[in-house]
Structures are given as structure tokens and as C-alpha cells.
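J.: Quick note, the sequences are listed as chains A and B, same order.
Counting from 2, one number per residue, gives the positions in the first sequence under the working numbering.
Counting from 3, one number per residue, gives the positions in the second sequence under the working numbering.
Below is one structure. I have some questions about it.
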Amino acid sequence: MTQDDVPYLPRGVRTRFDTVRKVDVLLGPERVLVLDQVGTAVLGRLDGKANLAQISTDLAEVYDAPLEVIAPDVIAFVEDLRDRGMVHARPR
Amino acid sequence: MLVRVDPPMAMLAELTHRCPLACPYCSNPTELLAKEAELSTETWADVFQQAAKLGVLQLHLSGGEPASRRDLVELVIAAREAGLYTNLITSGIGLNERRLHDLDDAGLDHVQLSLQGVTAEMADRIGGYNGGFDRKMHVAEIISDIGFPLTLNAVMHRENLDDLPATIDMARRLGARRIEVACVQFQGWALINRAALQPSRAQVDAAKETVARAIETLKGHLVIDFVPPDYYSDFPKACMNGWGSTGLNVTPNGTVLPCHAAETIPHLQFDTVTERTLEEIWYEGDAFNAYRGTDWLPELCQSCDRRDIDFGGCRCQAMAVLGDAGAPDPVCRKSGGRAALDALLKEETKEVAAPDFVFRR
Ligand code: SF4
Ligand code: SF4
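So, in C-alpha cells, the structure goes:
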């Protein structure tokens, strides 16, 4: 994936708060992923409009962290979900 | 020692044993329950509510053929009201355009379509239903038009394992996001037909290569999940992720099982949703506690570094092959039971024609 790709959650994949375990989870076909704070922050920004570069920039600002550190982590996280079929992407 | 019990993540609801098909590998028990024994719409709806409160996130509506239930759409509405991620496991027979649109409106999250073969000839023979393949292809088209996320579920065995590349192609053609290449597991009807279904070592090796290659080339386009054939493995799988650890099954009459074949273990006592709450059954039920955790495991497993990986493997397989549900899974190369499994394998994969199928009826 490149910084220009716009990732989004396809139909059949959604996040929700698990009220029993008190964690955010990502639900998809035959998959349940427990999200940590970073995961929730990234997925909360998949609005189908922002590309990966914008998502990383936004996160770097909000968490007051260097973009060079944030960007590779974000791309790795989203790419892994893409390989598992939980995220789709379109070029901007 | 007290075992810490986590809430379940997934529930398989076997809505009915009825099915228009007759697959010889069906995982339903050989004693099928009749329609009269099935739970009502209201009881299922209540079970879904209980499941969600207990911690279940994903619900798999299965059978038999769930579309054989006339209240399928109502059941999906009830499941989504309970907040469950709802997956329909179907052969497609019994679904049509109107019903699929109703299921869409009801909020169904995902469809898992079973495939009996890549040609009408093979599929209709395995499913024991003429015209079934064409109807399934038609249903697949509607599923794709509506835009349901689709998983293709292909049960692979001696007769169709060589069609694996064509099976993966078909998943692409039908617009599936995911394919489950599940080598047949020997339970239910499959156990009766084991000799006819058992693939050869050469077939299995070729299949593994095909899968490895496809995973690489189709990355980002198709997710491929592979369930290898047990008997050719060296160590067992952790059945159900560990007995009573993540999932539960409810049969058509409301019996709650730790795994779909658990009723083959004669000494276990099962509870039903008509007598106890799901929560009581999960945490206190005898059958769930019988093989939960690792304390009950025999010495061989206690001292093994795979103890917390496979939990001694599948109880039902130990029962089926060794007649002892408390033994290590006979797939395990370290176990004394492996000799029995190897003997079966040798006998069943001789270079002769496979015996005829016994179709599920
Ligand atoms: S395996 Fe075949 S016979 Fe059994 S429920 Fe599925 S479609 Fe019906
Ligand atoms: S000895 Fe027990 S725990 Fe170890 S691999 Fe065999 S079945 Fe699994």
C-alpha cells in the first residue's frame, strides 16, 4: 500500500464496544480482533476519504508524536488488516 | 485448582437438521432431529439475547440448511437486535431473490456459501440433488448483486481435492472475499464415509502447495483459510480453540454442546436452553467442565510443550478412533493412539477404488 491509498472498512466489517469485556473490537467474517488504543484511533479515522498520509499526519498531531515514527506503524497496521480482508483500499 | 473461565466469543446455532442436500460428509449427527423437535422462533430469539449478554460477539446460523426454517428472516432480525454479528452458513438451496433481499433488510452481516463441486456433475452427485449446482450459482449471483460479503466454503476430499485450483478460481469468479478450503474432518456422516473420503498423501501434498501459492498471488484480493486434513498431520489441532474456552453450539432442539460432535461422547451430560440459562450452562454445565482447561489431561500431555497450544487435541476424535474421549488425540505422533490411526489410514488409502458413499438422509 502507498501513502496515497484510501483505506476503508468494507461492508461486513465493523467496530464496536464489547460491553462484556470492556474493549473495542473489530468484527468481520470469522474474525474478531481486540483493538488497543492505537488500533481504535486508526480505525476511527477510516472515513473513506482520508488517505494514509492524512491519517498519519492527523495522528501525529493528536498524539504529539513524530510523523516518521507514526507513518510506518499506521501503514503496517492497515496493510495487515488488508491482507486479512478486514480493510479495503482504493487509490485516491 | 480453579480454572479461569472466559466468556464465549462465538455461537453456532444449528437451527434445523433439515436439508435438501445429502452430502456424505455432513457434520450433523447420524440421528437427525425432526422438525417437531426444533426450537420456536421466540426461544431462539431469547437464546440470542442471552448469548449476547454472556459475551458472544459472532453468531453463525447453520443447520442442516438454515433456509429450511421459514422464520429465517425473523431469526436474523432477532440476532441483530441482540447486537450479534450474524453469519449465514448455507448451501443456497431455499434462498431466492426476495428472501435474500429480506435478509439484507434484516441486517445479515455475512454469507458463507458451501460448495459441493465446481461442475454440476460433481456438485449434484456429492449433494445428492439434481439441479442444485445451477440454483446455487444463481443464488451466488444475487448475493453478489446485493453486495453481501461472501465466503465460499469448500469441503475437500478424495474425489475433489484435485479440483482445488478450479475451486479457488470459482471463488474469484463469484466475487467471494474469502475461501475456506476445509479438508473433511471425520465426524458425523463423514465418519461413516471415511474410506471413500480419505485423500491420499500425494493429493494432500499437492493441495498444500496450491494453497501456499494462491495465498501469495491473491494477497489483498482473496483471503484463503486452509484446514489441513488431520490424519496427515503430526500433531493435533486445538479443537474449538480449547474445549469450553471460546465457542458453543446449540442444536435444533436446544441442547448446548461444547463442540458439534460432543454428543458422540456417551458419558457426557448435556443441558438444554429450555431447562437452564445459557450462562449457567457455559460456566457450570458438566459437559463444558469435563474437558475444560488442561488439568484433566493425561501425563503425556502435562509434560509436553504443546500442552497449551493444542490442549490434547480433539475429544471426539479420541472417542471415535480409540473409544476413549480422555486420551490424547490419536493424530499426535507422541501418543500410543497414533498406531491405530496409521493402521486406518493405510487400510483406507490402498490403491483401489473408493467404496460408494452413504448419503445423509
Ligand atoms: S453438509 Fe450438505 S447435507 Fe449437511 S447440512 Fe450442509 S448442505 Fe446439508
Ligand atoms: S502429547 Fe498431548 S499436548 Fe503434546 S502434542 Fe500430543 S496431544 Fe498435544
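Here a beta-carbon is modelled for each residue, glycine too, at the ideal position from N, C-alpha and C.
1. Taking Cβ positions only, does A60 of chain B come closer than 8 Å to chain A?
2. Cβ of P92 of chain A less than 8 Å from any chain B Cβ?
3. Can you check which of these residues, B:L250, B:H19 and B:T279, is closest to L61 of chain B by C-alpha distance?
4. Is S337 of chain B near ligand 2, judged by its Cβ being under 7 Å from some heavy atom?
5. P11 of chain A touches chain B at which residues, Cβ-Cβ below 8 Å?
6. Is P230 of chain B a contact residue of ligand 2, with contact defined as CB to any heavy atom under 7 Å?
7. Where does A72 of chain A sit, in a helix, a strand or coil, going by DSSP?
8. According to a CB-to-CB cut-off of less than 9 Å, which residues of the segment 248 to 261 of chain B neighbour chain A?
9. Is any non-hydrogen atom of ligand 2 found closer than 7 Å to the C-beta of L324 of chain B, if you look at the structure I gave you?
10. Closer than 7 Å by C-beta to V213 of chain B: which residues in its own chain qualify, once you throw out the five before and the five after it? Chain order, please.
11. Between L176 of chain B and the rest of its own chain, which residues show a CB-CB distance below 6 Å, the 5 nearest in sequence each way excluded?
12. Grouping DSSP H, G and I as helix and E and B as strand, with all else coil, what is M11 of chain B?
13. Are there any heavy atoms of ligand 2 lying less than 7 Å away from the beta-carbon of P330 of chain B, as far as the coordinates show?
14. If you draw a straight line from the alpha carbon of L102 of chain B to that of A81 of chain B, how long is it in whole angstroms?
15. Please work out which residues of its chain come closer than 8 Å, Cβ to Cβ, to V33 of chain A, disregarding the five sequence neighbours upstream and downstream, and give them in chain order.
16. If you measure beta-carbon to beta-carbon, which residues of the segment 104 to 116 of chain B are closer than 8 Å to chain A?
17. Between M3 of chain B and chain A, is any beta-carbon pair separated by less than 8 Å?
18. Could you say if the segment 5 to 17 of chain B and the segment 245 to 264 of chain B meet the contact criterion of at least three C-beta pairs nearer than 8 Å?
19. Count Cβ pairs between the segment 142 to 157 of chain B and the segment 99 to 118 of chain B that sit closer than 8 Å; are there 3 or more?
20. Taking the C-alpha atoms as reference points, what is the distance between W284 of chain B and T58 of chain A?
21. Residues of chain A with CB under 8 Å from P9 of chain B, in chain order?
22. Just list the beta strand (DSSP E) runs in the segment 230 to 259 of chain B, keeping only unbroken ones of 3 residues or longer that don't cross its boundaries, in chain order.
23. Closer than 7 Å by beta-carbon distance: list the chain B residues that pair up with P8 of chain A, in chain order.
24. Would you mind giving the Cβ-Cβ distance between G66 of chain B and R20 of chain B, rounded to the nearest angstrom? I have them listed as a contact below 8 Å.
25. Assign G29 of chain A to one of three DSSP states: helix, strand, or coil.
26. Measuring CB atoms only, is the segment 289 to 301 of chain B touching the segment 311 to 329 of chain B, in the sense that at least three cross pairs come out at less than 8 Å?
27. Throw me the rounded Cβ distance for the P260 of chain B and F290 of chain B pair, which I believe falls under 8 Å.
28. Any beta carbon from chain B within less than 8 Å of D25 of chain A's own beta carbon?
29. Going straight from the alpha carbon of M2 of chain A to that of I76 of chain A, what length do you get?
30. Thinking R22 of chain A and G57 of chain B are a contact (beta carbons under 8 Å), I'd like their distance in whole angstroms, please.
31. Which runs of the alpha helix (DSSP H) fall wholly inside the segment 306 to 333 of chain B and span at least 4 residues, in chain order?
32. Please check if any C-beta of chain A sits within less than 8 Å of the C-beta of K336 of chain B.
33. Report the residues of the segment 77 to 93 of chain B with a CB closer than 9 Å to any CB of chain A, ordered along the chain.
34. With a CB to CB cut of under 8 Å and the five nearest residues on each side skipped, what residues in its chain are close to C306 of chain B?
35. What are the residues in the segment 204 to 234 of chain B lying within 7 Å of chain A by C-beta distance?
36. Between A327 of chain B and G339 of chain B, is the Cβ-Cβ spacing less than 8 Å?
T.: Short version:
1. A small correction: the amino acid at residue 60 of chain B is Gln; Ala does not occupy that position in the sequence shown. Q60 of chain B counts as touching chain A.
2. With a threshold of 8 Å between beta carbons, P92 of chain A makes no contact with chain B.
3. B:L250
4. For ligand 2, at least one heavy atom lies less than 7 Å from the Cβ of S337 of chain B.
5. By Cβ distance, chain B contributes P151 and R179.
6. Incorrect: P230 of chain B has no Cβ contact closer than 7 Å to ligand 2.
7. Helix, per DSSP.
8. none
9. no
10. V183, I226 and F228
11. A142
12. coil
13. yes
14. Distance from the CA of L102 of chain B to the CA of A81 of chain B, rounded to the nearest whole angstrom, comes to 16 Å.
15. So the qualifying residues of the chain are V26 and L27.
16. D111, H112 and Q114
17. Note that M3 of chain B scores a pLDDT of 45, beneath 50, so its modelled location is shaky and nothing firm can be said.
18. yes
19. yes
20. 46 Å
21. V21 and R22
22. 249 to 252
23. By Cβ distance, chain B contributes nothing, its closest Cβ being about 12 Å from P8 of chain A, past 7 Å.
24. 5 Å
25. In the structure shown, G29 of chain A falls within a strand segment according to DSSP collapsed to helix, strand and coil.
26. yes
27. 5 Å
28. no
29. So the alpha carbons of these two residues sit roughly 7 Å apart.
30. 7 Å
31. Annotation: the segment 306 to 333 of chain B contains the following complete segments of the alpha helix (DSSP H) (minimum length 4 residues), in chain order: 309 to 312 and 317 to 324.
32. Contact with chain A is absent for K336 of chain B, since none of that chain's Cβ atoms lies less than 8 Å from the residue's Cβ.
33. G85, Y87 and N89
34. K336
35. K221, G222 and V225
36. no
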